[in-house]
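S.K.: The structure's right below; bear with me while I get my questions together.
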Amino acid sequence: MSTTDDRLRDHFHRGAADAPADEALLDTLRAEALRRRRRRRTTTAGFVAAAAVVVTVLGLAVVNSDGSPEEVDVVAPTTTTTTTTTPTTTTAPATRDWDGARFDLGRIERVHREDDEWLVDFDRVQLTTDDGGLASGPDFTEEPVVVGNTDEPTVNENLRLRTYALRPDAEALVIDNLRDTCSYLETWATPRWRRITLDELASGRELWDEFTQVALTFDPQGYVMRVRLASGC
Amino acid sequence: MAVVPEDTADDEAVVVVFHREYPAMVGMASLLLRDRAAAEDVVQEAFVCLLLKWDRLRDPSKAGAYLRTTVLNVARGRLRRDRTAQRKLRPLRVVVDSTEDAALASTEHVRVMAAVDGLPRRQRECAVLRYYLDLSDGEIAEALGMAIGSVKSHLHRARAALEAALEER
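If you read the sequences in order, they're chains A and B.
Residue numbering for the first sequence follows my numbering, starting at 1 and increasing by one per position.
Residue numbering for the second sequence follows my numbering, starting at 1 and increasing by one per position.
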């Protein structure tokens, strides 16, 4: 006599599609990955030109951190079009890879010091909007804090890593009651934010794991003034 | 900036992960999307993402977990963008060993799969990860980015709904 769980397992396995792992398919997927990577490389010049247009409009002096060509995915045209809608943030030279956005949402890859300055290597993600579109850094008009039960997952359509500089007095905030905010109960707890030091942020690798959705807030000079570590569920 | 090296395509680890994960991921996605072709699209997209990010995985042994999460995310996006998905449910594939039991088994299977389709998204995801992939509560929590307590709650509700489908006559 099978148990309920065994019977359910049987039904799930019978209901799932069979799909063998075909070597030829893997070759196709590898080729697609290569094609996308090369597309990023070949579009570098185009992106730099587009960025220059924005610089002209905004009166900015954009300087890449190392002066080398950047990899930029062509699927991120909103970077250039929407930045122009946030002119209030653009009166000072750009800092590191800051593109003029007031906010950014993504994942932290590394927090480190360089020349007495805290830097964060940041992987921007896109937030799915109600209409099925995607919003990313320059699109946000308010702090994009992803917390609690949400039907708006993020996707990562761009491999580019951005390096931002943190203000020495930047706020780093974590949620003390994360479990409660992710409860399936009808009443979700309000996040209780706790400030941590930048040293704690840098050393607390577990604070920004793969699933931590990080909202950054920039000051008008392009320095990160707030790092909010959140997590939707 | 980290760039996937050209020779990543030859990385044996990729081949191992592909053979180990691809069939299961398509199976999982097909249960979530109820559309085999869409499931294959989603999983293939997730694999391309994995290949592009391969050298940036902090722990390559977690490629399977990364893949699961990516497939779930891409599948959700696909469902969201395709509001008509529910109208495109494919006929259920029913496999039975005995023609004598075929009608009964088919009926029960159809009921259970219909109940799966009717579950709220998170319950459905938890149920698929548990009953198809046999993941633990902790592994499901990691894949879905939610607390273990929430996983238990979703699973409890999902199991109750599916059990009712099993018991229907």
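We treat Cβ as the ideally placed atom computed from N, Cα and C, and that holds for glycine.
Roughly how far, in whole angstroms, is the beta-carbon of V26 of chain B from the beta-carbon of A189 of chain A, given that I think they are within contact range, below 8 Å?
M.R.: 37 Å between Cβ atoms; not a contact.
S.K.: Can you find a C-beta in chain B that's less than 8 Å from the C-beta of A316 of chain A?
M.R.: Because chain A spans 1 through 233 in this model, residue 316 of chain A falls outside it and cannot be assessed.
S.K.: How would you write the range of the alpha helix (DSSP H) that L33 of chain B sits in, first residue to last?
M.R.: Start and end: E12 to L33.
S.K.: Going by DSSP, what residues sit across from T217 of chain A in a beta bridge?
M.R.: A:F103 and A:R226, per the DSSP bridge assignment.
S.K.: Assuming V125 of chain A and G100 of chain A are in contact, meaning their beta carbons sit under 8 Å apart, how far apart are those beta carbons, in whole angstroms?
M.R.: Contact flag wrong, Cβ pair sits at about 18 Å.
S.K.: State yes or no: is the C-beta of L207 of chain A within less than 8 Å of the C-beta of W193 of chain A?
M.R.: Not in contact: L207 of chain A and W193 of chain A (Cβ atoms no closer than 8 Å).
S.K.: Taking one C-beta from the region 217-230 of chain A and one from the region 32-44 of chain B each time, how about it: are there three or more such pairs within less than 8 Å?
M.R.: They do not touch, by the three-pair rule.
S.K.: Just how far apart, CA to CA, sit Y131 of chain B and E114 of chain A?
M.R.: The alpha-carbon atoms of Y131 of chain B and E114 of chain A are separated by roughly 49 Å.
S.K.: With Y164 of chain A as the anchor, note down where its beta strand (DSSP E) starts and where it stops.
M.R.: L161 to I175 is the extent of the beta strand (DSSP E) around Y164 of chain A.
S.K.: Quick check on the burial criterion: 16 or more other C-beta atoms within 10 angstroms. Buried or exposed for H112 of chain A?
M.R.: Answer is exposed; the Cβ neighbour count stays below 16.
S.K.: Could you tell me if S136 of chain B is buried or exposed, where buried requires 16 or more neighbouring beta carbons within 10 angstroms of its beta carbon?
M.R.: That one is exposed.
S.K.: Apart from the five residues on each side of it in sequence, which residues of its chain come closer than 7 Å, Cβ to Cβ, to A29 of chain B?
M.R.: Here the set comprises A39, V42, V43, V71 and A75.
S.K.: Which value, in whole angstroms, describes the spacing of the CA atoms of I108 of chain A and L31 of chain B?
M.R.: Taking the straight line from one Cα to the other gives about 32 Å.
S.K.: Closest by CA to R159 of chain B, which one among B:Q123, B:Y22 and B:N73?
M.R.: Of the candidates B:Q123, B:Y22 and B:N73, the one whose C-alpha sits nearest the C-alpha of R159 of chain B is B:Q123.
S.K.: Provide the residue span of the beta strand (DSSP E) that contains E117 of chain A, from first to last.
M.R.: E117 to R124 is the extent of the beta strand (DSSP E) around E117 of chain A.
S.K.: R130 of chain B lies in the beta strand (DSSP E); which residues open and close that run?
M.R.: Run containing R130 of chain B: none in the beta strand (DSSP E); it sits in the alpha helix (DSSP H), R121 to Y131.
S.K.: Keeping to the same chain, check which residues put their C-beta closer than 8 Å to that of V128 of chain B; ignore five residues upstream and five downstream.
M.R.: Same-chain partners within the cutoff: M28, L31, L32 and V116.
S.K.: Got a sec? Which residues, its chain only, sit under 6 Å from A202 of chain A by beta carbon, not counting five neighbours each side?
M.R.: Counting only Cβ-Cβ distances below 6 Å, and skipping sequence neighbours, we find V111.
S.K.: Between which two residues does the beta strand (DSSP E) harbouring R194 of chain A extend?
M.R.: Unbroken beta strand (DSSP E) run through R194 of chain A: W193 to I196.
S.K.: Would you verify that the beta carbon of L155 of chain B is, or is not, closer than 8 Å to some beta carbon of chain A?
M.R.: Judged by the 8 Å Cβ criterion, L155 of chain B is not in contact with chain A.
S.K.: Just the C-alpha distance for A21 of chain A and A33 of chain A, rounded to the nearest angstrom, thanks.
M.R.: About 17 Å.
S.K.: Closest Cβ-Cβ distance between G138 of chain B and chain A: below 8 Å?
M.R.: No, because no Cβ of chain A sits closer than 8 Å to the Cβ of G138 of chain B.
S.K.: State buried or exposed for H109 of chain B, treating a residue as buried only when at least 16 other CB atoms are found within 10 Å of its CB.
M.R.: It is buried - the Cβ of H109 of chain B has at least 16 other Cβ atoms within 10 Å.
S.K.: Does any residue of chain D have a CB that is nearer than 8 Å to the CB of G118 of chain B?
M.R.: Here chain D cannot be found, since the structure's protein chains are A and B.
S.K.: Taking beta-carbon pairs under 7 Å, can you tell me which members of the region 38-49 of chain B lie near chain A?
M.R.: So the close ones are A39, E40, Q44, F47 and V48.
S.K.: What are the partner residues of L127 of chain A, as DSSP defines its beta bridges?
M.R.: BP columns for L127 of chain A point to A:A135 and A:T154.
S.K.: Counting only beta-carbon separations shorter than 8 Å, does E163 of chain B have a partner in chain A?
M.R.: Output row for E163 of chain B: interface = yes.
S.K.: For the region 20-32 of chain B, enumerate the residues whose C-beta is nearer than 9 Å to any C-beta of chain A, in chain order.
M.R.: Of all residues in the region 20-32 of chain B, R20, E21, Y22, P23, A24, M25, V26, G27, M28, A29, S30 and L31 have a Cβ within less than 9 Å of some Cβ in chain A.
S.K.: Determine, for E32 of chain A, whether the minimum Cβ-Cβ distance to residues of chain B falls below 8 Å.
M.R.: Judged by the 8 Å Cβ criterion, E32 of chain A is in contact with chain B.
S.K.: Anything in chain B within Cβ reach of R36 of chain A, meaning under 8 Å, just list it in chain order.
M.R.: The contacting residues are V48 and L52.
S.K.: Note down, in chain order, every chain A residue with its Cβ under 9 Å from the Cβ of L166 of chain B.
M.R.: Per Cβ cutoff of 9 Å: T4, R7, L8 and H11.
S.K.: Run down chain A in chain order and give the residues with a C-beta less than 7 Å from the C-beta of R36 of chain B.
M.R.: The contacting residues are A17.
S.K.: Output yes or no for whether 8 Å exceeds the beta carbon distance between F122 of chain A and D139 of chain A.
M.R.: Not a contact, by the Cβ cut-off of 8 Å.
S.K.: Distance cutoff 8 Å, beta carbons only. Does K88 of chain B sit that close to anything in chain A?
M.R.: Confidence at K88 of chain B is low in this model, with a pLDDT of 42, below 50, so the placement of that residue should be treated as unreliable; the coordinate-derived value is given next. Taking Cβ atoms only, chain A never reaches closer than 8 Å to K88 of chain B, which makes this a no.
S.K.: State yes or no: is the C-beta of L51 of chain B within less than 8 Å of the C-beta of R30 of chain A?
M.R.: Yes, the pair counts as a contact, with Cβ atoms nearer than the cut-off.
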